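Q: If you want the working numbering, it's the position in the sequence shown, counting the first as 1, plus 22.
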Amino acid sequence: MTNNPSENHYKKIANIYDNLWSYSPEYIKFTTEKIIEHLHLTPTDILVDIGCGTGIYSKEILNQTQLQQPIICVDPSAEMLEKIPTNSLLNPIKMDGVEFSQKPGTYNKIFLKEAIHYIEEKFLLFQNLWQKLTPGGIFLLLLLPPTIEYPLFTKALDLYEQKQPHYQELINLLQKVGFLVDFDIIDYPLKLPKIQYFQMVENRYMFLLSEFNDTELAAGLKEMEEKYQDNSVLKFSDRMIFITATKPEYN
Ligand SMILES: C[S@@+](CC[C@H](N)C(=O)[O-])C[C@H]1O[C@@H](n2cnc3c(N)ncnc32)[C@H](O)[C@@H]1O
23 MTNNPSENHY KKIANIYDNL WSYSPEYIKF TTEKIIEHLH LTPTDILVDI
73 GCGTGIYSKE ILNQTQLQQP IICVDPSAEM LEKIPTNSLL NPIKMDGVEF
123 SQKPGTYNKI FLKEAIHYIE EKFLLFQNLW QKLTPGGIFL LLLLPPTIEY
173 PLFTKALDLY EQKQPHYQEL INLLQKVGFL VDFDIIDYPL KLPKIQYFQM
223 VENRYMFLLS EFNDTELAAG LKEMEEKYQD NSVLKFSDRM IFITATKPEY
273 N
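#1: Grab me the residues of Pro98's own chain with a C-beta within less than 7 Å of its C-beta, minus the 5 sequence neighbours each way, in chain order.
#2: Using 9 Å as the threshold, is the C-beta distance between Ile265 and Leu196 below it?
#3: Quick one: what's got a C-beta closer than 7 Å to Thr169's C-beta in the same chain, skipping five residues either side?
#4: Verify whether the separation of the beta carbon atoms of Ile160 and Ile132 is less than 9 Å.
#5: Which residues does DSSP list as the beta-bridge partners of Ala267?
#6: Is any non-hydrogen atom of ligand 1 found closer than 8 Å to the C-beta of Asp97, if you look at the structure I gave you?
#7: Short check: CB of Lys81 to CB of Leu103, under 9 Å?
#8: Shorter than 8 Å, the distance from the beta carbon of Val70 to the closest heavy atom of ligand 1, or not?
#9: For the candidate residues Ala267, Lys51, Ala178, whose alpha-carbon lies nearest to that of Glu224?
#10: By a C-beta neighbour count over all protein chains shown, 10 Å radius and 16 as the cutoff for buried, is Asp209 buried or exposed?
#11: Is it right to say His188 is buried, meaning 16 or more other beta carbons lie within 10 angstroms of its own, or is it exposed?
#12: Thinking Gly200 and Glu271 are a contact (beta carbons under 8 Å), I'd like their distance in whole angstroms, please.
#13: Taking the beta carbon of Asn85 as the centre, do at least 16 other beta carbons fall within 10 Å, making it buried, or is it exposed?
#14: If we count Cβ pairs, one from each stretch, closer than 8 Å, do we get three or more for the segment 49 to 67 versus the segment 243 to 256?
#15: Have a look at Lys144 and Ile263 and give me their C-alpha separation to the nearest angstrom.
Written out as structure tokens, the structure reads:
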């Protein structure tokens, strides 16, 4: 496996990940409904969740569907995978996404949410996933847009923009592999107590925040404190790009 710089980050935050990232149970329910819809999930599908983390979305998929086969949950972080409850319908596999895509296996549906920025060999991954999918199978790629409206400090937003892959580049790669590609932008209005969001930032809830040392983070929080001094609640939109890549029935 390649040396992955995010490994240390997820090792540190695995225990608090679901609290940090879930914003609210309604947010998880809503996003999961959209994942199920875009994947056209049916009970007999064999589903893979690549970069599953704590399995927060796979668990909710099980709540909302009647899947008969276990969801294959793939992630290189042992600490994140440990949070997945022992459940005969969740099958955790500790592995890098590209490595998994090279192993034998056939699946109807695959999704990868907010982990593509960790994968360097994107074209290889997409080619391999094409091979693993049945005709008519769907690969759903979810990621944040090139710019975000989060109430973060300026340097964090700038760094985000430098690092985030552009969804159009990913669409181009998927089309080059032969997928039929569609995309959708879904907004979810968030309303968080300022104190909660500031704690999330203090805990470096996003990987990019781990690139700032304690002094830089403190300066960033001070900037946020000044900017939002009159707010006790922060309102912002979480915008997610849903890229649906379908393997045609006939080539
Ligand atoms: C922001 S979390 C997203 C977790 C989950 N998909 C979600 O939406 O809650 C990113 C996850 O990607 C995983 N990851 C990092 N590098 C990866 C790789 N090369 N292949 C697959 N997953 C990777 C991390 O361990 C982490 O669990």
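Every residue gets a Cβ at the ideal spot worked out from N, C-alpha and C, and that includes glycine. Computed from a predicted structure; not experimentally measured.
A: The answer reads as follows:
#1: Once the five neighbours on either side are set aside, the close Cβ partners of Pro98 are Met23, Asn26, Glu29, Lys116, Met117, Asp118.
#2: yes
#3: Glu183
#4: Their beta carbons are under 9 Å apart, which means Ile160 touches Ile132 by this criterion.
#5: Phe161, Val203
#6: For ligand 1, at least one heavy atom lies less than 8 Å from the Cβ of Asp97.
#7: no
#8: no
#9: Of the candidates Ala267, Lys51, Ala178, the one whose C-alpha sits nearest the C-alpha of Glu224 is Ala178.
#10: exposed
#11: exposed
#12: 12 Å between Cβ atoms; not a contact.
#13: exposed
#14: no
#15: 17 Å
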